[in-house]
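Chemist: Heads up, the sequence shown stops at 165 in the numbering used here, and the numbers go up one at a time, no gaps. I have a structure I would like to understand better, so I am pasting it below and will then ask my questions one at a time.
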Amino acid sequence: MYVCVCVSPPQFQCCGNINYTDWFSIPPFNKTVPDSCCKTPSPDCGLNTTSSNIYQIGCVNLIDKWLKENFVIVAGVALGIALFQVRTIIIANNLVARSTSVCGDVAGRAVGCRVSPPKRTHSHYTLQSVP
């Protein structure tokens, strides 16, 4: 599996997937690295790959290690987002069910539903026959 770590997060101090030479096989870089791989970033600092100014270690193992160390936090945030989305779906479903429950078939005739503007005390629904 190939994963492109296109921008090295500064806190990881890394370059490429496995190491900095991963960038050499990508045509636009032509044996150079992005400036984000430099220990002291400056314009065009990635052009000189023999410099000691380039992070040698790849990002995949460092990011993997960080995810394992922070698994509980990452899982908690993901679970929180998922629960919020499920709650929103349930609320939307209840609102749709409530608005369509007063519309339906009365005495074998099709009945339409018109919702009046809400009043301060409660919502007002009016049933109206559909020809």
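Glycine included, each C-beta is placed from N, C-alpha and C at the ideal position.
Work out the CA separation of L101 and T55 for me, nearest whole Å.
Modeler: Between T55 and L101, the C-alpha separation is close to 24 Å.
Chemist: Looking at the C-beta of Q119, does it have a partner C-beta in chain B at a distance below 8 Å?
Modeler: Protein chains in the displayed structure number just one, and chain B is not present.
Chemist: Indicate the three-state DSSP secondary structure (helix, strand or coil) for N51 in the structure shown.
Modeler: coil
Chemist: Is the CB-CB distance between L81 and C48 below 8 Å?
Modeler: no
Chemist: By DSSP's criteria, C72 is part of a beta bridge. Which residues make up the other side?
Modeler: DSSP lists I88 as partners of C72.
Chemist: Assign V67 to buried or exposed, taking buried as 16 or more other Cβ atoms, counted over all protein chains shown, within 10 Å of its Cβ.
Modeler: buried
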